[in-house]
Ligand SMILES: [Zn+2]
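Numbering (my numbering), first residue to last: 736 to 1008.
See the structure below:
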């Protein structure tokens, strides 16, 4: 599943693909994504000045004078940039053809992704407005995590994976940042002090930034971007995620697996308290 780092890498690729060119055609080859793609509205992007391409949580927003397209990659979506004559791949559902004869294609086998249009300020859109803070941009993330947790008696791993608290901390990043900050994933979020949340915030940022540098952890389709050829490298740097039964790299204790909030969770019971 594309996580925040993959979406960030995709956003950067989209920014560079759309630099100094315009969209000249929109092809909706299959409108049945999570919600039906409204072709007429998406066509507003044709020959318009794209003001800004940015990310909010795992959504990519493409904004122009008339509104904004909001894109989500769902469970299995990816964007690719091709020569416009390249044959379609199976599951290429949406295509933007550019003036420079390149084509940006959205491929999504499971079709849980979406491409919707809004005329309002995208920050006010129902998909966007209740999202929590951005982990990479917020200099006070630790403080935010601390103050919002005072009344919440939930396992800290679930707390930091709650996108109304902080966006984009997926299972892998939650497990790793908790290990690196020495916090047990099952500890109640309200029983963690300010200093530990500050440390956790630093580690969340680090682990996400490392994954962004590597082009994300889960992108599988190497035909898409050069950046993702480095895929897999990040996985070698994981301490606990997907490693039950292995010895902790810090203390040698066996890594444990437990289901927390319906998600597989991995931790070292000695290093994490
Ligand atoms: Zn350990």
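Positions of the beta carbon are idealized from the N, C-alpha and C atoms, including for glycine.
Of the other Cβ atoms in all chains shown, fewer than 16 fall within 10 Å of the Cβ of residue 784; this residue is therefore exposed.
DSSP places residue 781 in the strand class (E or B) of the three-state scheme. The DSSP-derived three-state label of residue 881 is helix. If you look at residue 906, you'll find it in the alpha helix (DSSP H) that goes 906-915. Inter-residue distance for residue 817 and residue 839 is about 6 Å (C-alpha atoms, whole angstroms).
Taking a C-beta distance under 8 Å as the contact criterion, residue 774 and residue 763 qualify as a contact pair. Counting along the chain, the unbroken alpha helix (DSSP H) around residue 943 starts and ends at 929-948. Between the beta-carbon of residue 922 and that of residue 891 there is about 5 Å, and that keeps the pair under the 8 Å contact cut. Annotation for residue 1005 indicates a beta carbon within 7 Å of some heavy atom of ligand 1. Of the candidates 843, 948 and 806, the residue whose Cα lies closest to the Cα of residue 749 is 806.
Annotated three-state conformation of residue 745 is helix, per DSSP.
Rounded to whole angstroms, the gap between the alpha carbons of residue 802 and residue 779 is 8 Å. Within the same chain, 996 come within 6 Å of residue 893 by CB-CB distance, once the 5 residues on both sides are set aside.
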